[in-house]
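Residues 2 to 403 (the numbering used here) make up the sequence shown, in order.
To start, the structure itself, in C-alpha cells.
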Amino acid sequence: MRILTVHNKYKFRGGEDECREAEDTLLAGNGHQVDEIIFDNTLIQGRTAKRIGIEASWCQASYSQVRKKIVEWEPDIVQIHNFFPLASPSVHHAAKSLGIPVIQTLHNYRLLCPGATFYRNGTVCEDCTQHILPWPGVLHGCYRESALQTAAVAAMIVVNRLLGTWKRAVTTFIAVSEFERQKFIENGFPASRIVAKPNFVLDPGAPGAGGGDFLFVGRLSVEKGIRAMLRAMELVDPAVRLKIVGDGPLAPEVIAAAERNRRIQYMGRVPHQEVLDLMGASRCVLFPSEWYETFGRVAAESFARGTPVIASRIGAVAEIVDEGRTGFYFRPGDPQDLARAIDHAFVSEDELSDMRREARREYEEKYTAERNYRMLMDIYENALAGRHTVLAPLPKTPASCD
C-alpha cells in the first residue's frame, strides 16, 4: 500500500509530531511505501497576519502542491495529521478531487474549538460549540491570547463548515480515544465516520522494578494541573518525594516550589529514554490534567514500564486508568483529593506490586505497535473499499471483570 502523509509541523516539536513520525515508521516497517508532504510553521515568519488568516481557511498553493504530488506518486491513501495553518483544509479537497480516500487524525479539538483544547481561564470551556460563529473564542483570544489570530482559526472553522469539507472531503476520521470520538459526535460529526484508535508506544522492554519516588512528566502549564500537584505536595506524608520532568510557562513556579519543598526535585527537560527509565523506577506516575486530554501518552508509556498512574478523572484519561487495577483517580483540580491518592499509594506496597503487573498487561493488550498496526490497516482497507470502519472495543482483561 502507498500512503501519502500530510502534516503541518509545529514550531516547537510536540506530541502530534512524534505520533505522526511513529506511525509513518510503523507503516514503512511493515512493508508499505510511505511518502510525506511536510509544512513547517517556521515559514510563517515574514507573512502578514492577514495573509496567514486567509490561507488558514484555504491555501491554493497547498492545494496545488498536494494535488501535483498525488498525480505523480499515485498513493492509495492520504493520511492527514495537522493541517493548520499552512496546509489548510484545501489539502483534503486536493485528494478528494482525485478520488483518493482521505484519513484525518483528530489529535486535538481544533475543528470545534478555536483554542483546540476546550479550556479557558483555568477551566473546561465548550462555549464556542453553542454558536454557529465561534465568537466567544475570538472575544477571549483563545488562540495564542490574540483576538486577531483566534479570528483566523474561527474563520477556518466556519468557512470549511460551509464548504462541507468534513462531510465531503474526509473519508474517515481517527479519534485517539473514545472520549474524543464522542465529543465530535456530540457536535454533529457522523458516528459512522469516526473511529477511535489510540496512539501506540514502542515497547521499552522489561518493566522496571519500581521505587519510592513519584513522577510527573509533561508540559508545565495550567491545564496540566501543575498548581494542584504542587499544592498537594504540601499536604502529603512528609516522606513522599516527587520528581518533575518537563518545561513550560509554569517552570518558574515549579522551581520556586522545589526551593521551598526539598521533597520536590525539578529535573527540567530529560531525554526520552531517561524518562522511560525514570517511569520504571517510580512508585506511580502522576497525571493531574484539568482539561480534556485527547489521549494520555504519558499514561500509556507508564503502563509499558509497569508503573501505575494516579490520574484526574477527566477527558480521555478517565478511560485509560482502571481504578484499583492500573492506578487511582482523584477529582481534577483538587489538591486534597490528589494528596489522598498519593498517600494511599505510598503505603500500599502489596497493592502496587499487583498493579505493576496489571499496568504492563494493559499496555500489551491495548497500546503496542502491533495492535495499532492491525487497527490502522482495518481503517485503510475499509476506506479503500468505501466502507466505514467498525473496530472492536479495546479488550477488557480478566482481572477487571466482575
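Think of the CB as a built atom: it goes at the ideal place given N, C-alpha and C, for glycine as much as any other residue.
About 7 Å separates the CB atoms of L99 and R68; that is less than 8 Å, so the two are in contact. With the rule of 3 Cβ pairs closer than 8 Å, the stretch 303-314 does not count as touching the stretch 101-117. Using a 10 angstroms sphere on the CB of R121, the tally of other CB atoms reaches 16 or more, which defines it as buried. Here D36 is bridged, per DSSP, to L5. When beta bridges are read from the DSSP output, G328 appears opposite V310 and E324. Beta-bridge annotation (DSSP): G269 is paired with V246. V103 has V79 as its beta-bridge partners, per DSSP. Ranked by Cα distance from S283, the first of S354, A340 and V255 is S354.
Assignment of beta-bridge partners to R121 by DSSP yields T124. Under the three-state reduction of DSSP, D204 is assigned to coil, being neither helix nor strand.
Here A384 has I78, P102, I104, T172 and T173 as same chain residues with Cβ atoms under 7 Å from its own Cβ, once five neighbours each way along the sequence are excluded.
A straight line joining the alpha-carbon of D25 with that of N262 spans about 43 Å.
Contact annotation: Y110 and V92 have beta-carbon atoms that are not nearer than 8 Å. Look at A176 here: in three-state DSSP terms it is strand. Distance from the CA of G247 to the CA of N83, rounded to the nearest whole angstrom, comes to 23 Å. Taking all protein chains shown into account, R270 has fewer than 16 neighbouring C-beta atoms within 10 Å of its C-beta and is therefore exposed.
Contact between L27 and A305 is ruled out by a C-beta separation of about 15 Å, above the 8 Å threshold. Distances from the CA of A155 to each of A176, A170, W167 and I133 were compared; the closest alpha carbon is that of I133.
In this structure, the straight-line span from the alpha carbon of A300 to that of A319 is close to 11 Å.
By the criterion of at least three beta-carbon pairs nearer than 8 Å, the stretch 212-229 is not in contact with the stretch 186-195. Per the C-alpha coordinates, the member of G325, D323 and A342 positioned closest to R332 is A342. Under the three-state reduction of DSSP, V241 is assigned to coil, being neither helix nor strand. Remark: C-beta atoms of L107 and V177 approach each other more closely than 8 Å. Looking at the DSSP output, D41 sits in a beta bridge with K10. By the beta-carbon neighbour count (other beta carbons within 10 angstroms, threshold 16), V348 is exposed.
G307 is positioned such that its CB atom lies closer than 8 Å to that of G281. In the three-state reduction of the DSSP assignment, C285 falls in the strand class. In this model, F40 and C60 are separated by some 12 Å (Cα to Cα). A Cβ-Cβ separation of about 5 Å places G138 in contact with C129 under the 8 Å criterion. About 6 Å separates the CB atoms of N9 and F85; that is less than 8 Å, so the two are in contact. DSSP places F215 within a strand segment (E or B) once states are collapsed to three. Minimum Cα-Cα distance from A210 among the listed residues I380, R361 and L5 corresponds to R361.
Assigned with DSSP and collapsed to three states, A210 falls in coil, not helix or strand. By the CB criterion at 8 Å, V202 and Y368 fall inside the cutoff. With a minimum length of 3 residues, the unbroken runs of beta strand (DSSP E) contained wholly in the stretch 131-181 fall at 173-176.
Listed as beta-bridge partners of A197 by DSSP are A176.
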